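Everything below concerns the one structure shown next.
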Amino acid sequence: MQPGSKLPEVTFHTRVRDESIGGDNPFRWEDKTTSDYFKGKRVVLFALPGAFTPTCSTYQLPGFEKGFGDFAEQGVDSIYCLSVNDSFVMNQWSKAQGLENVQVIPDGSGEFTRRVGMLVRKDNLGFGLRSWRYAAIVNDGVIEAWFEEPGLSDNHGEDPYGVSSPETVLNWLREANQEAAA
Numbered sequence: 001m002q003p004g005s006k007l008p009e010v011t012f013h014t015r016v017r018d019e020s021i022g023g024d025n026p027f028r029w030e031d032k033t034t035s036d037y038f039k040g041k042r043v044v045l046f047a048l049p050g051a052f053t054p055t056c057s058t059y060q061l062p063g064f065e066k067g068f069g070d071f072a073e074q075g076v077d078s079i080y081c082l083s084v085n086d087s088f089v090m091n092q093w094s095k096a097q098g099l100e101n102v103q104v105i106p107d108g109s110g111e112f113t114r115r116v117g118m119l120v121r122k123d124n125l126g127f128g129l130r131s132w133r134y135a136a137i138v139n140d141g142v143i144e145a146w147f148e149e150p151g152l153s154d155n156h157g158e159d160p161y162g163v164s165s166p167e168t169v170l171n172w173l174r175e176a177n178q179e180a181a182a
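Following full-length UniProt numbering, the numbering of the sequence shown begins with 1 at its first residue and continues without gaps.
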């Protein structure tokens, strides 16, 4: 993907809390589309190989969560974390991380990830198909900036992290906003 590209329109199968159901598991299925998440908003989207994995849980997701106020000051409406995991896993990871600012998007089938060219095999780790690590600034469904970790490939021996970090994305936003104001 590159700046100016429109995000692919896909359907994400999510589980949302519904207190009218009652019981220990008050959730129902709710399909959401790319438009539901991105239309009319300026957002940061970041994707990672898997929920509950070390780099994702220790650095990337907490960094975006804690930095939400700084992103909002730069004109970001929402921050989304996407992974090729199902909604059950993503909801439990969100709960375990105590998320209040970042919303998770489950790409259980990997369709969105495949269509943005970021679906890779991680069989070397026993993961199967997963997302390559990247981040993007998306304005009304169109890529404004793209931050892809180097070395995109199947069964990569490492998990590069830095280009898609919250700090890198926030610095880009600050510089872009300064240029626009000048």
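Backbone N, C-alpha and C fix where the C-beta goes; we use that ideal spot for every residue, glycine too.
Note that the structure is a prediction, hence the values are computed from the model and not measured.
What's the C-alpha gap between residue i and residue j?
i, j, result
"GLU144", "GLY4", "6 Å"
"MET90", "GLU179", "37 Å"
"ASP140", "SER78", "12 Å"
"PHE52", "THR58", "9 Å"
"PRO26", "THR113", "29 Å"
"PHE46", "GLN103", "11 Å"
"ALA176", "ILE137", "11 Å"
"GLU73", "LEU7", "24 Å"
"PRO54", "ASN124", "16 Å"
"ALA182", "GLY23", "56 Å"
"LEU152", "GLU100", "31 Å"
"TRP146", "SER87", "25 Å"
"MET1", "GLU148", "9 Å"
Can you tell me where the beta strand (DSSP E) with residue i in it begins and where it stops?
i, result
"GLN103", "102 to 106"
"PHE147", "142 to 148"
Skipping 5 residues on each side, what residues in its chain have a beta carbon closer than 6 Å to that of residue i?
i, result
"CYS56", "LEU48"
"residue 188", "This structure cannot settle anything about residue 188, because the visible part of the chain is limited to 1 through 182."
Going by beta carbon distance, what residues of the same chain come within less than 7 Å of residue i, once the five residues before and after it are set aside?
i, result
"TYR37", "TYR80, ILE105"
"residue 188", "Residue coverage of the chain in this structure runs from 1 to 182, which leaves residue 188 outside it and unanswerable."
Just curious, the alpha helix (DSSP H) that residue i is in, first and last residue?
i, result
"THR53", "First-last for THR53: undefined, no H or E at that position."
"GLU175", "166 to 181"
"VAL89", "87 to 97"
"ARG133", "Neither: ARG133 is in no alpha helix (DSSP H) and is coded neither H nor E."
Can you list, in chain order, the residues of its chain with a C-beta nearer than 8 Å to that of residue i? Leave out the 5 residues immediately preceding and following it.
i, result
"GLU9", "THR33, THR34, SER35"
"PRO62", "GLN97"
"ARG28", "ARG15, VAL16, ASP18, ILE21"
"ASP31", "THR11, PHE12, HIS13, THR14"
Since residue i and residue j are thought to touch, with beta carbons under 8 Å apart, how far apart are those beta carbons, to the nearest angstrom?
i, j, result
"VAL169", "VAL44", "6 Å"
"GLY126", "LEU119", "That belief does not hold up - the Cβ atoms of GLY126 and LEU119 are roughly 17 Å apart, past 8 Å."
"residue 184", "ASN155", "Outside the modelled stretch of the chain, which goes from 1 to 182, sits residue 184, for which no answer is possible."
With a threshold of 6 Å, establish whether the CB of residue i neighbours any heavy atom of the ligand GDP.
i, result
"GLU179", "Absence of the ligand GDP is noted for the structure shown, with no ligands found whatsoever."
Quiz item: Counting pairs of beta carbons, one from the segment 129 to 141 and one from the segment 161 to 179, are three or more of them closer than 8 Å?
Solution: yes
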